[in-house]
Every structure is written in structure tokens, then in C-alpha cells.
Amino acid sequence: RDPDNETGTRNCDRLRYPGPNDDDFPLVPGILHGSDPTANILSIDPSSKVLVKTPWFEIQRELDRYASGRNGSFENRVYALTIFPSEDAYVGYHKSVRQLNKDDTTYHLDEETMTVTEIPGAPPEVLPDRTPIVENVLVIPADLQLHPVAHAALCVNFIRYHAMKPIKIPIRTINEEESPAMKKGGFIAFVNTFVECLVEEGGVIPERIELECTGLRQKDVVRRERLIIPEGVTVHPRVKSDFLVGTVFGAKGVGADDEEEEGEEAKK
């Protein structure tokens, strides 16, 4: 992003909402920042902050897939970011990738002779190669700002990521059918939907941390010991041993049914 002509409210609005006669396409302004000891980059160094602009449709595609906020995971995923010079921002580079396997051939039917003529599609636009400024740097999206009505991305920043850097991973339940409360309509009222973890060098960053629900009954308090931590991942030391995930609540009548079952078992 050009620091002279693409900063400030008005200039950023031009990036987000190009005019009908402009050659540009919607871009989301942001900044790449954060430290990375593996690359000798310190956050206190002003040169570590890079102004960026990301194609709107790339951000929106990820938001549609993973969502954001309390129940989403967009801001807790690691992406490989490649940065090109500001003048190389052209939608044709993105179209060329999507049209590699697209067949634009059309057919014309002559109604008099009932013959079909094949009309080949236009050849793909040949664009010059671009030289990236930064290539495949690992980042985590941060500070996502959405339009209050349209829910379109207005701004998104990126924080550099490296191994053993704290990352919040979403918690997802498994084996709900093995829970007496949840199989009858109960649910977990989550207090924390993410858990902060550290991923070792070369380890795979999990999509989610699984929460074992087997045996959960109404009013049970769910804590850290029910989390299934995969190999190569450790819970951050600042996460307490009694880390509260949530409490099990049941639908109307679930608690009474459980008490009856317990009473029958006691009689036996």
C-alpha cells in the first residue's frame, strides 16, 4: 500500500469502494506487524510494520468459510501471506488463477441447417510476472472490522506468526450422543470458546481442540481436563489447571429424567 496516497480515511474509502469507471477492484486496507525471532524482526523496529491492501473477495471468501467472532475461527487461523508492490494490484492476477480449469467454449446452433458450431473462448490474458516483496510469511488475521449493516470487511491487520507463539484455537464438542443431558436436548453454556496453545516447530496447527462430552450430565462444570490436546500442541502455561470451559444445562424436563434414572439405578 502506497504510504503517500493510500493512507487516511478518504484514501482508504477509495480502496474499499472504487468508482464505476475505475480499473481497481475493492481492496481492504490493513497493516502487517509483529515480531518474528526466526527472521530477526522486532516489533519495536518501525520497518517491521508494512502497509498492505488485500483483495476484498479473498477476505470475504475466508469469512464465509470460517466466520469470525465468538463462534468463528477466521482470526485464529494461520495464513501464508505474499506481498507485492502497490502498482501490481490488478484483478487479472486473481482471475488467471481461477480460470486455469475453466472452459469458455460456446456453441452456436444454426436453426436452418441444424448444425452446431463451436466457438472457442478468448485466450487468457497474459500478465507479466510479479516480484514479491515478502513471500509466504506466516500471519494471523487480527483487528477485523466489519460494516455494521453489510457485514463486509472494512479493515484487517495481520500479525506475524512463528512456532511457539501463543495462538487461540477454537473448542468444538465431540461425542454429544454419549452425554445423558446433551442427547436429550441439553447444551453447554460456554464461558470460553477458545483455548490458548503453543505449537511446536514443525507441528500441525489443529483446526480445533476437541471437547469430550461423554458422561456429561445437567449442571456439570466442564473444565480443562476434558480437552483433548493433540500431539505437538501444548496448552499455554498461563491457562490455569481449573480453566473453565462452561456448564451443562438441559432442556425442560431433562434434569427430572436424570434424577429418575439415578433413582432406578440406586434401587437396583
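For the sequence shown, the numbering used here begins at 183 and goes up steadily by one.
We put the CB at the ideal spot given by N, CA and C, even for glycine.
- Leaving aside the five residues that flank residue 428 on each side, the residues in its chain whose CB is nearer than 7 Å to its CB run, in chain order, 370, 371, 372, 373, 404.
- When DSSP states are grouped into helix, strand and coil, residue 357 belongs to the coil group.
- Here residue 289 is bridged, per DSSP, to 300.
- The beta carbons of residue 323 and residue 257 sit about 5 Å from each other, so the pair counts as a contact at 8 Å.
- Residue 349 holds the alpha-carbon nearest to the alpha-carbon of residue 416 among 299, 187, 349.
- Contact between residue 321 and residue 289 does not hold, since the beta-carbon distance rounds to 45 Å and is not under 8 Å.
- A buried status is given to residue 255, since no fewer than 16 other beta-carbon atoms sit within 10 Å of its beta-carbon.
- Taking all protein chains in view, the Cβ of residue 401 is surrounded by fewer than 16 other Cβ atoms within 10 Å, so the residue is classified as exposed.
- Note that the region 359–369 touches the region 392–400; at least 3 beta-carbon pairs, one per stretch, sit closer than 8 Å.
- For residue 395, the secondary structure class from DSSP, reduced to helix, strand or coil, is coil.
- Listed in chain order, the non-local C-beta contacts of residue 394 below 7 Å within the same chain comprise 356, 357, 408, 410, local neighbours out to five positions each way being set aside.
- Segment contact: the region 290–303 against the region 194–204, fewer than three CB-CB distances shorter than 8 Å; contact not assigned.
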